[in-house]
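Numbering of the sequence shown is given in our numbering, commencing with residue 7 and proceeding in unit increments. For every residue, glycine included, the Cβ atom is placed at its ideal position computed from N, Cα and C. A quick note: this is a predicted structure, and the numbers were derived from the prediction, not measured. Reviewing the structure listed below.
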Amino acid sequence: PLTDNAYVVQNVQNTGATVLSALATEDGSTGNPFDTIAEAQGAGGDIIYLHEGSSFNESIVLQDGQMLFAEGSGFSIDTSNFGVVTMEGDSSAAPVTIHSDMNSPAITLADNSSIAGLTINPAAGSTSGDLIVANGINNFRVENAILNDAAENGLVIDASTNGYFNNVTINNSQGDGVQILNHDGYVRLDNVTVENAGGNGVQITGGHGETAFGGDLTLINNQGSGLLVEDYELITTVDDQGTTDTSDDVEQDIYGYVAIENLILEGATGQKGVELVDNEGLIDIFNMDVKTTDGTGIEARNSDFVRIRDGHVSSVNAPAIDVEDSAVDIRPESISADGGMYGIRMVSTTGTVLAKGGTEEDSGGTIKNTDTAIFVQDSGSVGFQMGNFVDNDQVAVIQNADVMDIISSKFTGTTNTIVQAENVKLFALTNNLFEDNSMTMGTAVNYTVDETGGYVARIVRNTVVDSPKHFFNAQTLPGGESASL
């Protein structure tokens with residue numbers, strides 16, 4: 007440990023008499039362990055080692071530097087001479103279970119503390135109490151833990167930093183599965199699963215710290231949003247260079263940052279998948295597979311930096327993507343929606359929403375049975391490659407946008423009009439198939455300009471079958487007389 011002395015290990019077992027003798031005095035040794043964790047803490051152990059098959063009915067408040075490990079679990083310890091040492095586990099060991107005191111947190115972490123290999127439950131009848139709490143601490147670790155049936159939240163990290171979590175499963179919390187609140191440092195969570203929470207799967211609120219999810223973040227059937235990020239901050243520091251002259255001041259922006267390596271999300275019926283609200287920080291999802299029913303797949307409101315690099319999102323009876331008053335760069339492989347008012351909605355938002363597709367037909371996703379598959383207003387760019395638009399009232403309504411670009415996609419069963427575009431700076435339809443569209447409007451694709459500026463329409467290598475009288479119309483309206491179209 008930090009003292010450069012050897013770790014003191016206290017053994018604890020409550021499955022029966024100690025190995026040496028039922029009458030022997032407990033001393034925390036391997037052969038004569040304590041039978042409560044509180045006794046081991048009182049004896050001053052650095053490592054409290056819980057023997058396999060033990061079950062404890064007590065809440066635990068760890069002391070600075072204290073480690074609580076279950077026999078059979080892999081765990082990591084810091085050493086002064088070898089750095090972090092990882093010990094391999096034994097999957098055949100019987101589980102170690104902790105039941106909290108009534109209406110209390112099961113485990114309260116401390117500075118430089120660690121736990122590993124525990125199954126944690128509330129006391130029977132508890133109506134309050136989180137299971138694991140980190141509040142205002144630094145340098146802590148949780149590995150190979152299962153958290154069941156929390157009366158409130160499964161895991162709460164509040165104003166804490168330098169935390170590491172690996173292989174944590176949280177089931178059936180009455181509140182949120184994970185809460186990360188007001189942290190300005192660094193927290194990493196690898197391979198976390200939250201299922202059937204009564205609230206959000208993961209909630210991240212406030213602060214300007216860095217939160218990284220490595221491996222899979224799996225969020226299944228949680229009754230709030232699967233992932234909620236809100237009020238993530240940007241702060242600006244000013245270095246006055248030791249002078250009173252403000253002209254030489256150096257400003258530095260420090261952004262909150264949420265990074266997710268692989269998000270696997272299946273939302274509960276009626277709930278949103280990913281909800282991003284009032285964020286100045288960066289939310290960066292490297293890969294995702296998001297599925298929702300009667301709830302939006304990805305929703306952003308007043309969020310300044312949203313990036314999704316790859317993956318798939320699909321929704322039923324709600325938009326797959328709905329962004330407003332935000333700045334986004336959303337580029338999954340596929341975007342799919344079945345039913346509802348919109349498949350994609352983009353309003354007063356800069357940046358790009360693009361289903362980039364793959365090499366195979368329909369790999370960009372299918373949007374069907376919507377009022378309007380793509381709705382864009384006062385925004386940046388929207389695009390679709392290798393998409394399939396089926397049985398929509400309208401495929402696209404685009405007003406005052408930088409780019410609309412649809413490539414190698416199919417349009418069938420449209421009942422009103424395929425595209426209504428107004429003041430789109432670059433409007434492109436390339437290598438698409440339009441077939442069996444029984445539209446009530448006389449023009450399939452209508453592109454108009456009524457504002458000054460430069461505009462380009464590019465219609466290339468499309469196949470049109472059974473078009474209405476006019477397939478494409480480009481027109482300058484009053485107000486756009488000086489526009490370049």
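The C-beta separation of V174 from A151 comes to about 5 Å, placing the pair in contact by the 8 Å criterion. Bounds of any alpha helix (DSSP H) do not take in A480; it lies within the beta strand (DSSP E) bounded by H476 to T482. The straight-line gap separating the alpha-carbon atoms of V430 and G213 is approximately 38 Å. Taking the C-beta atoms as reference points, A274 is found nearer than 8 Å to N227. Runs of beta strand (DSSP E) with 3 or more residues, each lying fully within the segment 148 to 182, are found at 161 to 164 and 167 to 177, listed in chain order. Pairing L432 with D456 gives a Cβ-Cβ distance that is not under 8 Å.
In this structure, G123 and G78 form a Cβ contact; the two beta carbons are roughly 6 Å apart against a cut-off of 8 Å. Inclusion of G205 and Y238 in the CB contact set at 8 Å is not warranted, their separation being larger than that value. K475 counts as exposed, since fewer than 16 other beta carbons sit within 10 angstroms of its beta carbon. Here Q47 carries a helix assignment [DSSP, helix/strand/coil].
Residue nearest to Q209 within the set V91, N197 and E236 is E236 (criterion: CA-CA distance).
Counting only residues of its own chain and dropping the five nearest sequence neighbours on each side, D368 has a CB closer than 8 Å to the CB of M392, G393, N394 and K416. T31 is classed as exposed because its beta carbon has fewer than 16 other beta carbons within 10 Å across all chains shown. In the DSSP assignment, A402 forms a beta bridge with I380 and V425.
Rounded to the nearest angstrom, the Cβ distance from I83 to Q72 is 12 Å, too far for a contact under 8 Å.
At the C-beta level, G357 and V334 come within 8 Å of one another. Beta-bridge pairing by DSSP links S120 to M73 and R147. G389 and S490 have their C-alpha atoms spaced approximately 23 Å apart.
For G448, the closest C-alpha among the options V296, Q277 and S473 is that of S473. The beta carbon of D290 lies closer than 6 Å to those of A265 and R313 in the same chain, with the five residues before and after it left out. Apart from the 5 residues on each side of it in sequence, E366 sits with its Cβ closer than 8 Å to the Cβ of M392 in its chain, given in chain order. Closest by C-alpha distance to N168, out of Q180, L153 and E216, is E216. L187 and Y170 have their C-alpha atoms spaced approximately 15 Å apart.
Just measuring C-alpha positions, the residue of G48, I43, V296 and V353 sitting nearest N308 is V353. DSSP links Q277 through a beta bridge to no other residue. One thing to note: F440 has its Cβ within 8 Å of the Cβ of I424.
Separation of T133 and N141 (C-alpha to C-alpha, rounded to the nearest whole angstrom) is 21 Å.
Within the same chain, and ignoring the five residues on either side of G131 in sequence, the residues whose Cβ sits closer than 8 Å to its Cβ are M108.
Beta-carbon to beta-carbon, S110 and G80 are separated by about 28 Å, too far to satisfy the 8 Å threshold.
The alpha-carbon separation between N178 and N154 amounts to approximately 6 Å.
Collapsing the DSSP output to three states places S253 in a helix. For E201, the uninterrupted beta strand (DSSP E) segment begins and ends at Y192 to E201. G346 and N323 do touch by the CB rule: their CB atoms are close to 5 Å apart, below 8 Å. The Cβ atoms of L115 and P128 lie no closer than 8 Å to each other.
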